[in-house]
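Visitor: For the sequence shown, my numbering begins at 172 and goes up steadily by one. Just so you know, even glycine gets a beta-carbon here, dropped at the ideal spot from N, CA and C.
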Amino acid sequence: MTYTTNEMMTVAAARRLKNGSVCFVGIGLPSKAANLARLTSSPDVVLIYESGPIGAKPSVLPLSIGDGELAETADTVVPTGEIFRYWLQGGRIDVGFLGAAQVDRFGNINTTVVGDYFSPKVRLPGAGGAPEIAGSAKSVLIILKQSARSFVDKLDFITSVGHGEGGDSRKRLGLPGAGPVGIITDLCIMEPEAGTHEFVVTALHPGVTREQVVAATGWPIRFADTVENTAEPTDVELTALRDLEARTAAAHGQAPGEA
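Written out as structure tokens, the structure is:
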């Protein structure tokens, strides 16, 4: 089956979610990847959303954290305060799955503004629960499309801390957990380099060149000593993803590509 770069990105991200893990899910691309994992390689993953659903199993992708589909398909629903205090800050979240508008070489995220904070070019959706997820989850995965506008040398605003200034910055900030362990894009997979915690390319998606990655990154991106090739999506993965998108589009009155 042929596939798009967006499908490759979603499949690659879904594969990073281990079966049986407890995952705090962000809306949008993280939710799509996490639910694809649940439908394919990780059927026993526990998906948690900040509105309170635990063990959500939506048949269509939610429009927001308040989407009734999440509560209706969850094992249980608890107050938002319990999600953050008991589950997240209590160290019970294995993976935080986040999106971003901008990300830097140390996995810090901006979802607040593009440009000056007081006179921005673009006002973004804001923080939501992302700062707490990035700060307290045992590990964090980030998914977004790659371009020089989104992978920037310096964030316009730090909404959620990844590895701070690099090195032992996160430890000095007193943040628990490993922080971001992977950035999955439509071009490649990046992972933090040991010691510096600067993100380097560890895998290229099929047909993608190093030159393409360099051109789509706003800092002098480096490559690991050994760069792997991402395995192509299987028919099972693509069918599950497309069926999920089709159900979502039908439920929300969208064209399939908008889901």
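So L344 packs on L200, CB below 8 Å; how close in whole Å?
Guide: About 26 Å; that fails the 8 Å criterion.
Visitor: Taking only beta-carbon positions, decide if S307 is within less than 7 Å of chain D.
Guide: Among the protein chains of the structure shown there is no chain D, as only one such chain exists.
Visitor: Within 10 Å of its beta-carbon, does P404 have 16 or more other beta-carbons around it, so buried, or fewer, so exposed?
Guide: With 16 or more other Cβ atoms within 10 Å, it is buried.
Visitor: CB-CB under 7 Å to V379, same chain, minus the five flanking residues each way: which ones, in chain order?
Guide: L358 and C359, listed in sequence order.
Visitor: Assuming I219 is part of the beta strand (DSSP E), what are its boundary residues?
Guide: Taken as a continuous stretch (DSSP letters only), the beta strand (DSSP E) holding I219 covers V217 to I219.
Visitor: Buried or exposed for M361, please, with buried defined as at least 16 other CB atoms from any protein chain shown within 10 angstroms of its CB.
Guide: Classification of M361: buried, given that the 10 Å Cβ count is 16 or more.
Visitor: Use the C-beta contact count for V231: other C-beta atoms within 10 angstroms, 16 or more gives buried, fewer gives exposed.
Guide: Burial call: buried.
Visitor: Nearest by alpha-carbon distance to E442: which of G270, N206, D339 and A298 is it?
Guide: In this structure the chain extends from 172 to 430, so residue 442 is not present and cannot be described.
Visitor: Residue ranges of each beta strand (DSSP E) run of no fewer than 3 residues wholly in the segment 299-376, ordered along the chain?
Guide: Here the runs fully enclosed are 310-314, 351-355, 359-363 and 370-375.
Visitor: What three-state label does DSSP hand R186 in the structure shown?
Guide: Note: R186 maps to helix in three-state DSSP.
Visitor: Using 8 Å for Cβ pairs, my map puts G300 next to F255. What's the rounded Cβ distance?
Guide: About 7 Å; that satisfies the 8 Å criterion.
Visitor: Output the distance between the C-alpha atoms of S318 and P351, rounded to the nearest integer angstrom.
Guide: Rounded to the nearest angstrom, the two C-alpha atoms are 19 Å apart.
Visitor: What does a CB cutoff of less than 8 Å around S340 pick up in its chain, not counting 5 residues either side in sequence?
Guide: F277, H334 and H368, listed in sequence order.
Visitor: Evaluate G306 with the Cβ neighbour count: other Cβ atoms within 10 Å of its Cβ, from every protein chain shown; 16 or more gives buried, anything less gives exposed.
Guide: G306 should be labelled buried.
Visitor: Compare the C-alpha of L375 against each of V216, A422, A420 and T356 and name the closest.
Guide: Residue T356 is the option with its Cα nearest to L375.
Visitor: Taking the C-alpha atoms as reference points, what is the distance between V385 and E399?
Guide: Their Cα atoms are separated by approximately 17 Å.
Visitor: What whole-angstrom Cβ distance do V248 and P224 have, given they're in contact under 8 Å?
Guide: 5 Å between Cβ atoms; contact.
Visitor: Using the three-state DSSP reduction, which class does L241 fall into: helix, strand or coil?
Guide: Of the three classes helix, strand and coil, the one that applies to L241 here is helix, per DSSP.
Visitor: Can you find the residues in the same chain that come closer than 7 Å, C-beta to C-beta, to D406, ignoring five residues on each side of it along the sequence?
Guide: M172.
Visitor: Which one of T410, Y257 and L295 has the shortest CA to CA distance from A308?
Guide: Of the listed residues, the one whose Cα sits closest to A308 is Y257.
Visitor: On the criterion of 16 or more Cβ atoms from any shown chain inside 10 Å, does A271 qualify as buried, or is it exposed?
Guide: Flag for A271 reads buried.
Visitor: If you draw a straight line from the C-alpha of Q273 to the C-alpha of D215, how long is it?
Guide: Taking the straight line from one Cα to the other gives about 31 Å.
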